[in-house]
Every structure is written in structure tokens, then in C-alpha cells.
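Undergrad: Can you keep this structure in mind? I'll have questions shortly.
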């Protein structure tokens, strides 16, 4: 429904925009630069049945991230996006339950080249890296820790 569409885009896209706006203002006021990392999904690139609002909201984060990174780079603020693949979270568990173990094991897991779901701490480490000095020359980039899922999809 239109209400569902508005809710999903409001949370995933507008919410991210407002959070970035707040953080950028604080960073600009401090004058020390910084790093903002948004979190998307492999559904920033891949659609699925009944996923129009979710996929659109996640795809929109790519444009938002690249535009804002271009806007803030001269102020020393880096903006990047992490788009995780299949991660071992309650959301993933619900999807597996809906599909059933057999269908999941035959169709979903084989599409991940590393043959496993990622762990939340692996995504956290990617975000920490993008916030660190080791990533000081990285801005406007989308990092896709997905176990190779998007290699052949």
C-alpha cells in the first residue's frame, strides 16, 4: 500500500538522511572532519518479489551516500555505504523459516560463494575500518561484504 511504501522509505531513506544531516552538522561545528557510514543491503542492488519499497529505499542510499560524500569531502568528512549480504541475524532467521531449511539450503546458501551467512561482527569490522584512519582516502564508496553473493547474481 501507499502507507507501507511511505513507512519503509521514511525509515530507511529519510531516516538515514536526517541522521546524516544531524551528524554532519555536529562534525562541521567541531571542525575536525570525520566519517559517516550508512548501512544498506545487497538489496541496494538486487530485487525480490514484494520488495519494491525495501529495495528502492536501500538503492536510494547509494545516491544519497555519493551525493553527500561529494558535498562534504572538502570539509574533511568522508561518507561511505556498507551493503551487507546474508547476515546471521533475527531478520535472516525469519527469512529462512519462511523458505524452509531445504529450500534455503538448496537455493540461497549456494549463491553465497563463501557458503555461509556472515556474522554481525564482520559487518561491524567493515564499518570500523571505514571510520578509521586506514580508510582516510575512501569516500563515496559502497563496500559489499556479502560472501561473494553479488559476484554472479
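Numbering (the numbering used here), first residue to last: 1 to 153.
The beta carbon of each residue, even a glycine, is placed where N, CA and C say it ideally should be.
So residue 84 packs on residue 47, CB below 8 Å; how close in whole Å?
TA: Not a contact, Cβ separation roughly 17 Å.
Undergrad: Quick one, which of 22, 87, 65 has its alpha-carbon nearest residue 146's?
TA: Nearest of 22, 87, 65 to residue 146, Cα basis: 87.
Undergrad: Is the Cβ-Cβ distance between residue 140 and residue 57 less than 8 Å?
TA: In this structure, residue 57 does not lie closer than 8 Å to residue 140 by Cβ.
Undergrad: Does any residue of chain D bring its CB to less than 8 Å from the CB of residue 105?
TA: Note that chain D does not occur in the displayed structure, where there is just one protein chain.
Undergrad: Report buried or exposed for residue 78, applying the criterion of at least 16 other Cβ atoms within 10 angstroms of its Cβ.
TA: The residue in question, residue 78, is buried, as its Cβ has 16 or more Cβ neighbours within 10 Å.
Undergrad: When burial is assigned at 16 or more other CB atoms within 10 Å of the CB, is residue 59 buried or exposed?
TA: Label assigned to residue 59: buried.
Undergrad: Counting only runs of 3+ residues fully inside the stretch 18–67, write out the beta strand (DSSP E) ranges in chain order.
TA: DSSP runs (the beta strand (DSSP E)) wholly in the stretch 18–67: 34–39.
Undergrad: Check each candidate in 112, 133, 63, 92 and name the one with the smallest Cα separation from residue 14.
TA: The option with the nearest alpha carbon to residue 14 is 63.
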